[in-house]
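Novice: Below: one structure in structure tokens.
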Amino acid sequence: MRNVAVIIPAYVPDPSLIDYVKQLINEVRLVIVIDDGNTDDQAALFETLAGYEQVEVLHHLINRGKGVGLRTAYDYLLKHHREIEGIVTTDADGQLLVKDVLHVADVLLSSDNNWVLGVRAFDHEYTPRKNKLGNQTTSRLFQWLFGTYYQDTQTGLRAFRREQLLLMASIPGQKFEYEMNVLIAMTLLEASYAEVPIETVYVENQPSHYHVLNDSLAIAGEMIHAKRHPECLLGGGTVR
């Protein structure tokens, strides 16, 4: 049993999320699911998840965005389950496989890295063009601004040590731009990290909550703002 908490922000999740969580609780100590303002027709799914002993379901009355959902989970972990060594974030859309979640957790626990990033391959013929273009653009812009090239700047599969929770809970960002702010903070603080290849999965007809134009502009704006005002992002955080 891996001594990690897996966090899953969920907005309009597919019913397969239940099976996904059931697989995880056989392998990790805790799973935290964020019910991010879902409607009543999703209530039964979250009630089922809350019935599992190793699952905590945290609720937002309205949809507040992925960044807020992750911070809700981090605030919870700052107060509870102090025995947890590592935290892994994953998505509820079925694109990040359980085996890859566990592999990223294993790399974190068996190394001295502060962070582990699960990186997708974008050179497959079935990779949606918008995904490939969006990631390439943000990776190059990030490298230009901060001097570090990450293979997958928008991966939702990340792991970090408990010691980073206070920093993670203080980083700003409401939606997908939060994850970019985390990457910037990692870089500015010169945190040690590993990039782990993961399987690239695109679920047919699975709706995406990532809006290419609006979210890409927000992410680019966060990068430029952080370059100009890093003190607003870090809040005095340090890496141990």
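Using our numbering, read the sequence shown as starting at 152 and increasing by one per residue.
The C-beta atom is built at its ideal place from N, Cα and C for all residues, glycine as well.
As the structure is a computational prediction, the values presented were derived from the model and not from experiment.
If distances are taken between C-alpha atoms only, which option among 315, 307 and 378 comes closest to residue 292?
Specialist: Looking at the Cα atoms, 378 is the closest of the given residues.
Novice: Quick one: complete beta strand (DSSP E) runs, 3+ long, within the segment 210-265?
Specialist: 237-240
Novice: Around the Cβ of residue 152, are there at least 16 other Cβ atoms within 10 angstroms (buried) or fewer (exposed)?
Specialist: exposed
Novice: I'd like the list of long-range same chain contacts for residue 304, defined as Cβ closer than 7 Å, with 5 residues on each side in sequence excluded.
Specialist: The answer, listed in chain order, is 286, 289, 290, 293, 331 and 334.
Novice: May I ask you to report which of helix, strand or coil DSSP gives residue 389?
Specialist: Because the pLDDT at residue 389 is just 45, under 50, the model does not fix this residue reliably, and the point stays unresolved.
Novice: So for residue 163, helix, strand or coil by DSSP?
Specialist: coil
Novice: Cα separation between residue 262 and residue 215?
Specialist: 34 Å
Novice: Under 8 Å Cβ to Cβ from residue 308, same chain only, skipping five residues before and after it: list those, please.
Specialist: 239, 240, 241, 242, 247, 251, 252, 255, 268, 269 and 349
Novice: Sorted by chain position, which residues of the same chain lie with C-beta nearer than 6 Å to residue 174's C-beta, five sequence neighbours on each side aside?
Specialist: 249
Novice: Taking the beta strand (DSSP E) that residue 344 belongs to, which residues open and close that run?
Specialist: Where residue 344 is concerned, the enclosing beta strand (DSSP E) starts and stops at 344-348.
Novice: Does the segment 162-179 come into contact with the segment 223-231, if we say contact requires no fewer than three beta-carbon pairs (one atom in each stretch) closer than 8 Å?
Specialist: Taking one beta carbon from each stretch, the segment 162-179 and the segment 223-231 have fewer than 3 pairs nearer than 8 Å; the two do not touch.
Novice: Buried or exposed: residue 259, going by 16 or more other Cβ atoms within 10 Å of its Cβ?
Specialist: Here residue 259 is buried: its Cβ has 16 or more other Cβ atoms, across all protein chains shown, within 10 Å.
Novice: Identify, in the order they occur along the chain, each residue of the same chain with its Cβ nearer than 7 Å to the Cβ of residue 300, setting aside the five sequence neighbours on each side.
Specialist: Excluding residues within five positions, the ones whose Cβ falls inside 7 Å are 290 and 294.
Novice: Ignoring anything shorter than 3 residues, give me the beta strand (DSSP E) runs that lie fully in the segment 287-342, in order along the chain.
Specialist: 309-312
Novice: What is the rounded straight-line gap between the Cα of residue 312 and the Cα of residue 237?
Specialist: So the two alpha carbons sit approximately 4 Å from each other.
Novice: Smallest Cα separation from residue 182: which of 189, 161, 193 and 194?
Specialist: 161
Novice: State the DSSP-derived secondary structure class of residue 184, mapped to helix, strand or coil.
Specialist: strand
Novice: Can you check whether the CB of residue 385 is closer than 8 Å to the CB of residue 339?
Specialist: Taking 8 Å as the Cβ cut-off, residue 339 and residue 385 qualify as a contacting pair.
Novice: Checking 8 Å against the spacing of the C-beta atoms, do residue 156 and residue 180 come in under that value?
Specialist: Cβ distance < 8 Å, so residue 156 and residue 180 count as in contact.
Novice: Let me know the secondary structure DSSP gives residue 270 once reduced to three states.
Specialist: Taken through DSSP and simplified to helix, strand or coil, residue 270 comes out as strand.
Novice: Are residue 326 and residue 369 close, meaning C-beta to C-beta below 8 Å?
Specialist: Yes; because the gap between Cβ atoms is below 8 Å, this pair is in contact.
Novice: Pull up the distance between the alpha-carbon of residue 375 and that of residue 199, whole angstroms please.
Specialist: For residue 375 and residue 199, the gap between their C-alpha atoms comes out near 42 Å.
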